[in-house]
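2 protein chains.
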Amino acid sequence: MLKGILSVLLVLVTLSSAMGKPEKTTPKKEKRIPQTLSRGWGDQLIWAQTYEEALFWSRSKNKPLMIIFHLEDCPHSQALKKAFAEDKDIQKLADDDFVILNLVYETTDKHLSPDGQYVPRILFVDPSMTVRADITGRYANRLYAYEPADMKLLLSNMQRALKFLKTEL
Amino acid sequence: MLKGILSVLLVLVTLSSAMGKPEKTTPKKEKRIPQTLSRGWGDQLIWAQTYEEALFWSRSKNKPLMIIFHLEDCPHSQALKKAFAEDKDIQKLADDDFVILNLVYETTDKHLSPDGQYVPRILFVDPSMTVRADITGRYANRLYAYEPADMKLLLSNMQRALKFLKTEL
Numbered sequence: 001m002l003k004g005i006l007s008v009l010l011v012l013v014t015l016s017s018a019m020g021k022p023e024k025t026t027p028k029k030e031k032r033i034p035q036t037l038s039r040g041w042g043d044q045l046i047w048a049q050t051y052e053e054a055l056f057w058s059r060s061k062n063k064p065l066m067i068i069f070h071l072e073d074c075p076h077s078q079a080l081k082k083a084f085a086e087d088k089d090i091q092k093l094a095d096d097d098f099v100i101l102n103l104v105y106e107t108t109d110k111h112l113s114p115d116g117q118y119v120p121r122i123l124f125v126d127p128s129m130t131v132r133a134d135i136t137g138r139y140a141n142r143l144y145a146y147e148p149a150d151m152k153l154l155l156s157n158m159q160r161a162l163k164f165l166k167t168e169l
Numbered sequence: 170m171l172k173g174i175l176s177v178l179l180v181l182v183t184l185s186s187a188m189g190k191p192e193k194t195t196p197k198k199e200k201r202i203p204q205t206l207s208r209g210w211g212d213q214l215i216w217a218q219t220y221e222e223a224l225f226w227s228r229s230k231n232k233p234l235m236i237i238f239h240l241e242d243c244p245h246s247q248a249l250k251k252a253f254a255e256d257k258d259i260q261k262l263a264d265d266d267f268v269i270l271n272l273v274y275e276t277t278d279k280h281l282s283p284d285g286q287y288v289p290r291i292l293f294v295d296p297s298m299t300v301r302a303d304i305t306g307r308y309a310n311r312l313y314a315y316e317p318a319d320m321k322l323l324l325s326n327m328q329r330a331l332k333f334l335k336t337e338l
């Protein structure tokens, strides 16, 4: 189990050695800006902190969960974040009808990486805790990747996740 | 596995039905304050978001991990938070020598609840990913609970966690 967690985490290490916590070279006296759960993906949205919390809210509110895997120093993640945060339709639908979670570390649940651990990728999980691997983006080699130009597709996929909810549950 | 997660989460539900996400009765137009990872336990400290992330940082920085389990609507948690945030020695030691994580949801790792899932409680984990169940507070019936008056004991326990690090690893 411990080795499992480590191996999952180490996948991201080579990609992310410069991200995350500032190094101690930062002058101690400098006032830090408190870290937010949104990490810039929508400061006005209410984000779950952990996968466990998100699953609980999804189940108790009967709302689908949208999980965004990203990295702070990945330009594709940054570009997608900007488009996502600026898209009013996506922000509103996320606020009204989804439980949302953004993560810079992988979880131990392999269902959340159906075709590998890459960033950025977006997965939907329904309140029965089933990962909706059938809701995919535009790219055959990275099924859950989105680019800034794909916001309409992402919105439509969010609507699909809601439709599944009504017709299947 | 899924049922396991749920049962873990449900332990907290009865305690926490009023906490977490504001209900939708909040006026939509009201500007929300972005949620922070610190949740008031030290806005100037750098907090891990998830247990997986915290374990990674603990291992890669060779620093012990301190995990605080708490609830927003628990008066004991709130009182401890105030004492913790205002204690300069604890804040400095946490900033310099610890990886820190505060959680309002339980993880699936049972090692983090050696004598049950209650709040507030504080556990130490060393970089070898061993939960230091031997570092306890003052109360025999809740070994990992601390009260605001226990800040000296908590500081001393943090120093113990660091000492273990040097002598045992």
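Protein sequences appear in the order of chains A and B. Quick note: the first sequence uses this note's numbering, first residue 1, plus one each step. Quick note: the second sequence uses this note's numbering, first residue 170, plus one each step. Each residue gets a CB set at the ideal place from its N, CA and C atoms; glycine is no exception.
Close Cβ partners of residue i (< 6 Å) along its chain, the five nearest in sequence each way excluded
i, result
"Leu143 (chain A)", "Asp115 and Thr136"
"Gly42 (chain A)", "Ala85 and Gln91"
"Lys190 (chain B)", "Because the pLDDT of Lys190 (chain B) is 45, which lies under 50, any placement of that residue in the model is unreliable, and the number read from its coordinates should be weighed accordingly. Cβ within range, chain order: n/a, list empty."
"Met158 (chain A)", "Leu93"
"Glu30 (chain A)", "none"
"Pro203 (chain B)", "none"
Sequence-distant residues of its chain with Cβ nearer than 8 Å to residue i (five each side left out)
i, result
"Pro130 (chain B)", "The question about residue 130 (chain B) has no answer, for chain B in this structure spans 170 to 338."
"Ser246 (chain B)", "His239, Leu240, Val288 and Pro289"
"Trp57 (chain A)", "Ala48, Lys63, Leu65 and Val99"
"Thr299 (chain B)", "none"
"Leu272 (chain B)", "Tyr220, Ile236, Ile237, Phe238 and His239"
Among the options, nearest to residue i - alpha-carbon criterion
i, options, result
"Phe164 (chain A)", "A:Tyr139, A:Asp134, A:Asn141 and A:Leu153", "A:Asp134"
"Asp95 (chain A)", "A:Asp150, A:Ala48 and A:Phe56", "A:Ala48"
"Arg121 (chain A)", "A:Arg59, A:Ser113 and A:Lys92", "A:Ser113"
"Ser229 (chain B)", "B:Ser297, B:Leu272, B:Pro203 and B:His245", "B:Ser297"
"Arg201 (chain B)", "A:Leu45, A:Arg39, A:Arg32 and A:Lys31", "A:Leu45"
"His111 (chain A)", "A:His70, A:Arg132 and A:Gly42", "A:Arg132"
"Ser325 (chain B)", "B:Leu270, B:Asp256 and B:Leu272", "B:Asp256"
"Leu71 (chain A)", "A:Tyr105, A:Ala54 and A:Leu101", "A:Tyr105"
"Ser38 (chain A)", "A:Leu55, A:Ala161, A:Gln117 and A:Gln91", "A:Gln91"
"Leu55 (chain A)", "A:Asp73, A:Gln117, A:Cys74 and A:Leu123", "A:Leu123"
"Ala314 (chain B)", "B:Trp226, B:Asp258, B:Gln286 and B:Gln328", "B:Gln286"
"Asp278 (chain B)", "B:Gln328, B:Pro203 and B:Thr219", "B:Thr219"
"Lys152 (chain A)", "A:Asp89, A:Glu30 and A:Pro75", "A:Asp89"
Nearest-angstrom beta carbon gap, residue j and residue i [assumed within contact, 8 Å]
i, j, result
"Thr342 (chain B)", "Glu52 (chain A)", "Outside the displayed range of chain B (170 to 338) lies residue 342 (chain B), so it cannot be described from this structure."
"Leu234 (chain B)", "Val288 (chain B)", "Not really, about 18 Å apart at Cβ, beyond 8 Å."
"Ile67 (chain A)", "Leu101 (chain A)", "5 Å"
"Leu331 (chain B)", "Asp266 (chain B)", "6 Å"
Chain C residues whose Cβ lies nearer than 9 Å to that of residue i
i, result
"Pro283 (chain B)", "In the structure shown, chain C does not exist; the protein chains are A and B."
With 16 other Cβ atoms within 10 Å as the buried cut-off, status of residue i
i, result
"Lys232 (chain B)", "buried"
"Ala309 (chain B)", "exposed"
"Lys193 (chain B)", "Model confidence at Lys193 (chain B) stands at a pLDDT of 46, short of 50, so the residue's coordinates are unreliable; what they give is reported in the following sentence. The residue is exposed, with fewer than 16 neighbouring Cβ atoms inside 10 Å."
Distance cut-off 7 Å: residue i Cβ against heavy atoms of the ligand SAH
i, result
"Asn141 (chain A)", "With respect to small molecules bound, the structure shown includes none, and the ligand SAH cannot be examined in it."
Nonlocal neighbours in the same chain, by C-beta distance under 7 Å from residue i, ignoring five residues either side
i, result
"Asp150 (chain A)", "Gly137 and Arg138"
"Thr26 (chain A)", "Any reading at Thr26 (chain A) must be qualified, since the residue scores a pLDDT of 48, below 50, and its modelled position is unreliable; no value is offered."
"Gly40 (chain A)", "Lys81 and Ala85"
"Arg329 (chain B)", "Ile304"
"Pro244 (chain B)", "none"
Exercise. Residues of the region 138–154 of chain A with a CB closer than 8 Å to any CB of chain B: list them in chain order, please.
Key: Correct list: empty, as no residue qualifies.
Practice problem: Report the residues of the region 203–214 of chain B with a CB closer than 8 Å to any CB of chain A, ordered along the chain. | Solution: Per Cβ criterion, the list reads Pro203, Gln204, Thr205, Leu206, Ser207, Asp212 and Gln213.
Quiz item: What residues in the region 236–248 of chain B have a beta carbon less than 8 Å from any beta carbon of chain A?
Solution: none
Quiz item: Mind listing which residues of the region 80–94 of chain A have their C-beta closer than 8 Å to chain B's C-betas, in chain order?
Solution: Within the region 80–94 of chain A, no residue has its Cβ closer than 8 Å to any Cβ of chain B.
Quiz item: Along the region 99–125 of chain A, what residues have a CB closer than 8 Å to any CB found in chain B?
Solution: Leu103, Val104, Tyr105, Glu106, Thr107 and Thr108
Self-check item: Residues in the region 214–226 of chain B having any Cβ partner in chain A nearer than 8 Å
Solution: Ile215, Trp216, Gln218, Thr219, Tyr220, Glu221, Glu222, Leu224, Phe225 and Trp226
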